[in-house]
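Residue 58 is where the sequence shown starts when you use the working numbering, and the numbers rise one by one after that.
Okay, structure first, notes after.
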Amino acid sequence: MLIAQSIGYAQNNLFEAPNLYCVRNFTSTSIVLAWQKPAVASCFVAYDVYYKPENGTFSLLFSLNNANKTDTTINHPNPGQTGYFYMTQRGSCNSSSTTKIYSDTLDSRLSFPSVEIKKVSVVNNQIELQWIPDAYKEIKGYLIYSNKTTNNQFNTPIDTVFGNMVGTYIDTKVNVNDSQYSYKIRTLMTCDPDGAITLDNQIHTSAQLRVTNVNKCVASAGLEWKKYIFEDRDVLSYEVQTRTASTTFQSVDTLENSVTNYAVRNVAPQEFTFVRLKINLLNGEIAYSNEVSFFSETPIPIEKDYIRWITVNADSSVSIEYMKDTNAVLKTPINLETTTKINSFQRAGSSYYSQNAIHLLFEDKSINPNADAYFYRIEYRDDCNNELYSDTVQTLHIAATENTNNVAQINWKGFNIPNIDFVNYQLYKITNDLTSDTVLMHTYSTQDVQKETDNKLFDTKNLDLNNVCYFIVANYYHLNDQQPRTLLQSRSNVFCKSPTPKFFIPNAFVPEGYNKTIKPFLLFAIDKDYEWIVFNRWNQVVFKTNDINAAWDGYYKGEIAPFDSYTFVATYTGKDNITYKEKGTFLLVR
Numbered sequence: 058m059l060i061a062q063s064i065g066y067a068q069n070n071l072f073e074a075p076n077l078y079c080v081r082n083f084t085s086t087s088i089v090l091a092w093q094k095p096a097v098a099s100c101f102v103a104y105d106v107y108y109k110p111e112n113g114t115f116s117l118l119f120s121l122n123n124a125n126k127t128d129t130t131i132n133h134p135n136p137g138q139t140g141y142f143y144m145t146q147r148g149s150c151n152s153s154s155t156t157k158i159y160s161d162t163l164d165s166r167l168s169f170p171s172v173e174i175k176k177v178s179v180v181n182n183q184i185e186l187q188w189i190p191d192a193y194k195e196i197k198g199y200l201i202y203s204n205k206t207t208n209n210q211f212n213t214p215i216d217t218v219f220g221n222m223v224g225t226y227i228d229t230k231v232n233v234n235d236s237q238y239s240y241k242i243r244t245l246m247t248c249d250p251d252g253a254i255t256l257d258n259q260i261h262t263s264a265q266l267r268v269t270n271v272n273k274c275v276a277s278a279g280l281e282w283k284k285y286i287f288e289d290r291d292v293l294s295y296e297v298q299t300r301t302a303s304t305t306f307q308s309v310d311t312l313e314n315s316v317t318n319y320a321v322r323n324v325a326p327q328e329f330t331f332v333r334l335k336i337n338l339l340n341g342e343i344a345y346s347n348e349v350s351f352f353s354e355t356p357i358p359i360e361k362d363y364i365r366w367i368t369v370n371a372d373s374s375v376s377i378e379y380m381k382d383t384n385a386v387l388k389t390p391i392n393l394e395t396t397t398k399i400n401s402f403q404r405a406g407s408s409y410y411s412q413n414a415i416h417l418l419f420e421d422k423s424i425n426p427n428a429d430a431y432f433y434r435i436e437y438r439d440d441c442n443n444e445l446y447s448d449t450v451q452t453l454h455i456a457a458t459e460n461t462n463n464v465a466q467i468n469w470k471g472f473n474i475p476n477i478d479f480v481n482y483q484l485y486k487i488t489n490d491l492t493s494d495t496v497l498m499h500t501y502s503t504q505d506v507q508k509e510t511d512n513k514l515f516d517t518k519n520l521d522l523n524n525v526c527y528f529i530v531a532n533y534y535h536l537n538d539q540q541p542r543t544l545l546q547s548r549s550n551v552f553c554k555s556p557t558p559k560f561f562i563p564n565a566f567v568p569e570g571y572n573k574t575i576k577p578f579l580l581f582a583i584d585k586d587y588e589w590i591v592f593n594r595w596n597q598v599v600f601k602t603n604d605i606n607a608a609w610d611g612y613y614k615g616e617i618a619p620f621d622s623y624t625f626v627a628t629y630t631g632k633d634n635i636t637y638k639e640k641g642t643f644l645l646v647r
């Protein structure tokens, strides 16, 4: 405290007061005063020392007439109590000035309280230490101690801060992500090297935050921290704060003071997320932990996979070519699913029989492609074990029905492959399963045509005809293929139609005439389970044979049978492997 007041004697206005910098209790009954001599001391007469008790007024305590003296020990005017002292210089020079300059006022404290730390916070990845400064003039600064740089002993200061009203220190020599840091502060006194230091139960220790794991599959990261130590008490709460490179910190959750771990969820994908703890202290202060970051990697989306090709093979199996997304990570197994109804997929009886870095080839032998058009899709899992599916494709299915007059109605359906450039359909007809007898019936430039009529289903002049078959081929380019693209072909099933057998028999014969015998004439039948029986009017069997080429010559029991009408029953098997039965009558003429 600097005091200026008027006095009743003359002095040189160039006089300066001595710099009183130390008032210290030496013993319980004595006090040491120390000062610096004034720079201007002309006409020196004496140093005057003034004193006042805690609840009193200043009065001259004593004078010293030795200009070179810089300290003195006196008896405490009021032992056990705090008193206040100041000094001034008195001179003998004549002057018109009546202004007298006083030194700072110091008190004789019995002891100095320890420095009260407000908080230890992390700012810009450096420790910021804050405390409550002391206005006492005898304090010329503060000594800073750290547990980590002095092996937890707090016996060697790491730095000095000058000025009694300074209350902030930045520790730039620590790695805030490496450890926790505790601090003590000692007052740096002008006349006492052992100023008061922070007590052990008042130490503040920074919180240390770290990332334990990053789970890209649920867009989260685990956090763990060592708790902030606030004197001998706990903090009020922890707030988890996050930001990205383009945003500021925002609190996402408030946690109880006992919590030491947390999972940050729903983080921004494919960029860095920064996290820190906001620590709410009991003294109303706010501290922060170190700042950690992690890259919020998410599963690579599977976008470039596709089923390129599907076809029905000659052995009635189905082949599917699946092109993988080479940017994504797929977990095995990769399974094929099939269905005839789009909402009821089930595991196909198949496995991939060939693969490389680009594609998988599947073969399904568990279905009957003649029964229907089948849907297929690929089931797989990404590197986060999410169950995913490819696009859906469908086989090309063909069937034919026989109308009257040897006319066939051919129909096809299916053939669904997304993202293609359709070229045409080609309809083929095969006779007797012979490749040499395969004929291209028609080419269709549109995918909308799905039927055709064959006006000559069977060649009735060809007695060796076993069946007639149809299949259709879809020609297309897949637009996901790289240029130049290859023309792809998806074949349908091969649908075969066996000719319906025809039964002919004359309505009469003359055993002694031109047509001496009679027998059925069969077209498109086979020699299997054949039987022909002839009955007379009394239902007696007059002829019976299992030989498809045998004829009745009209004789019964060694004689020509009488002129009459006879009935017959014929059982035979067609080339379609179906058993037929015919009944009828004919005349025997004599």
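From the three backbone atoms N, C-alpha and C, an ideal C-beta is built for every residue, glycine too.
Here the structure is a predicted model, which is why all the values come from computation and not from measurement.
Under a 10 Å Cβ-count criterion, W595 is classified as exposed, with fewer than 16 other Cβ atoms of the shown protein chains found around its own Cβ. Here N221 is buried, its C-beta having at least 16 other C-beta atoms within 10 Å. With fewer than 16 other CB atoms across the displayed protein chains lying within 10 angstroms of its CB, N135 is exposed. If one requires a minimum length of 4 residues, no alpha helix (DSSP H) run lies completely within the stretch 510-589. Approximately 52 Å separates the beta-carbon atoms of N489 and N443; this is outside 8 Å, ruling out the contact. By the Cβ test, the stretch 349-360 is in contact with the stretch 375-385, since at least three Cβ pairs between them sit closer than 8 Å.
The alpha-carbon separation between K126 and P75 amounts to approximately 11 Å. Per the DSSP secondary-structure output, C79 pairs in a beta bridge with A91.
Judged by DSSP in its simplified three-state form, S407 adopts strand. Here the alpha carbon of I487 sits roughly 6 Å from the alpha carbon of Y527. Cβ neighbours of K513 within its own chain (closer than 7 Å, five residues either side excluded): N463. Non-local beta-carbon contacts of N270 in its own chain, meaning distances under 8 Å to residues more than five positions away in sequence, involve A278, G279 in chain order. When the five nearest sequence neighbours on each side are left out, the beta carbons in the same chain lying within less than 7 Å of the beta carbon of R166 are those of T139, in order along the chain.
Residue environment for S160: buried (at least 16 other C-beta atoms within 10 angstroms of its C-beta). Annotation: the continuous beta strand (DSSP E) that includes L387 extends over 387-396.
Counting other Cβ atoms within 10 Å of its Cβ, P556 reaches 16 or more and is therefore classed as buried.
According to the DSSP assignment, F331 belongs to the beta strand (DSSP E) that extends over 329-337. Here Q507 carries a coil assignment [DSSP, helix/strand/coil]. Sequence-distant partners of V480 (beyond 5 residues in either direction) whose C-beta falls short of 6 Å from its own C-beta, in its chain, are N532, Y533. In the three-state reduction of the DSSP assignment, D621 falls in the strand class. The beta carbon of I415 lies closer than 7 Å to those of M380, K381, T383 in the same chain, with the five residues before and after it left out. Under the 8 Å Cβ criterion, the stretch 319-331 counts as touching the stretch 344-355, having at least three qualifying pairs.
If you look at T145, you'll find it in the beta strand (DSSP E) that goes 141-148.
Per DSSP, the unbroken beta strand (DSSP E) holding M246 starts and ends at 239-246. With fewer than 16 other beta carbons inside 10 angstroms of its own, F578 counts as exposed.
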